[in-house]
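So the number in the working numbering is just where the residue sits in the sequence shown, counting from 1, plus 36.
Working notes for the structure below.
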Amino acid sequence: LNIPFIAMIFTGFLSLVYVSVPMVTIFKNITNLFTVFGDWYLFNEPASHLAILSIVIMTVGAILAGVNDLEFNLVGYIWMILNCLATSGYVLYMRYASSNIKLTKFGMVYYNNLLSSIILFPIFLLRGEMQALRNPVFYNPAFIASNLVAGFLGFYLNFASLWCVAATSATTFAILGSINKVPILILGAVLFNAKMTYEGVIFIVMATVGGFIFAYDKLPKNNK
37 LNIPFIAMIF TGFLSLVYVS VPMVTIFKNI TNLFTVFGDW YLFNEPASHL AILSIVIMTV
97 GAILAGVNDL EFNLVGYIWM ILNCLATSGY VLYMRYASSN IKLTKFGMVY YNNLLSSIIL
157 FPIFLLRGEM QALRNPVFYN PAFIASNLVA GFLGFYLNFA SLWCVAATSA TTFAILGSIN
217 KVPILILGAV LFNAKMTYEG VIFIVMATVG GFIFAYDKLP KNNK
């Protein structure tokens, strides 16, 4: 589980180096295409016609938004596609692991993070990152507090993700996660002053609407 987890984080960070936050956020909707196919192929999880329509809308919206990206960077989009594949693989394997590995959800998260740290430590040394620890900013109380909060939230986010995938499906988890992209899109555009065309904004909205359509499709029938 920790291999696709590391790949997801690594490719996500690299994509953010080259691509704006709003574009990274909306382009991750393409992950849903891979996840739906994986759910169908690996777990015989069928997708309704409305779900397929929502995936088409999200995918087309993400691609057209990328075409209209004023800060388009080929290297960044390659990392973004790799991140979509890694994220889909991680979500699908989470579903398998939560059903077949004889560990509690808390235990799976704990060992996933522990093993990831062991794998990343040699890379940390080889890249000479040890020198960065001499930066006095790292010993600022505010910086330390921020990292502790981020680590705490990240741990329980991982825990909640495992629980959600086990209770629903990888597809539902992936696409309902698209809904939380709305505040990220707005904050990313405002805080990082992302440059977007009018058409790009329309296609971002289009991709976001696709996420809401899928959420509606997954509502219990008696609530529709």
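Note that the Cβ used here is the ideal one computed from N, Cα and C, for glycine as well.
Since we're looking at a predicted model, the values are computed, not measured.
State the Cα-Cα distance for the pair ILE62 and ILE240, rounded to the nearest angstrom. Between the alpha carbons of ILE62 and ILE240 lies a distance of about 6 Å.
For the alpha helix (DSSP H) that contains ALA43, what are its first and last residues? Taken as a continuous stretch (DSSP letters only), the alpha helix (DSSP H) holding ALA43 covers 38 to 54.
Whose CA, out of LEU50, TYR129, TYR175, lies closest to the CA of ILE114? Ranking LEU50, TYR129, TYR175 by Cα distance to ILE114 puts LEU50 first.
Environment of TYR126 [buried if 16+ CB atoms lie within 10 Å]: Buried is the call here.
How close, in whole Å, do the beta carbons of PRO40 and TYR147 come, if the pair is a contact with beta carbons under 8 Å? Not really, about 15 Å apart at Cβ, beyond 8 Å.
Helix, strand or coil: which one does DSSP assign to ASN109? Three-state DSSP puts ASN109 in coil, outside helix and strand.
PRO58 versus PHE73, TRP76, PHE108, residue with shortest Cα-Cα distance: Looking from the CA of PRO58, the closest CA among PHE73, TRP76, PHE108 belongs to PHE108.
Based on Cα-Cα distance, which residue from GLY190, ASN171, VAL103 lies nearest to THR233? Residue VAL103 is the option with its Cα nearest to THR233.
Is PRO82 helix, strand or coil when you go by DSSP? In the structure shown, PRO82 sits in coil (DSSP, three-state: anything other than H, G, I, E or B).
Taking the continuous alpha helix (DSSP H) assigned at MET59, which residues delimit it? Counting along the chain, the alpha helix (DSSP H) containing MET59 begins and ends at 57 to 63.
Measure the alpha-carbon distance for GLY97 versus ILE42 and round it to whole angstroms. Spanning the two alpha carbons is a distance of roughly 28 Å.
Within the same chain, show all residues whose beta-carbon is closer than 7 Å to that of PHE191, passing over the 5 residues directly before and after it, in chain order. Closer than 7 Å at the Cβ level, and outside the excluded window around PHE191, lie VAL145, ASN149.
Whose C-alpha, out of THR140, MET166, VAL185, ILE91, is nearest the C-alpha of TYR252? It is ILE91.
Determine the contact status of VAL248 and ALA87, defining contact as a CB-CB distance below 7 Å. At residue 248 the sequence reads Phe, which differs from the Val that was named. Remark: C-beta atoms of PHE248 and ALA87 do not approach each other more closely than 7 Å.
My assumption, with CB atoms under 8 Å, is that VAL53 sits in contact with MET116. Please give the rounded CB distance. Contact flag wrong, Cβ pair sits at about 11 Å.
Would you report the Cα separation of LEU189 and ILE45, rounded to the nearest angstrom? In a straight line, the C-alpha of LEU189 is about 15 Å away from that of ILE45.
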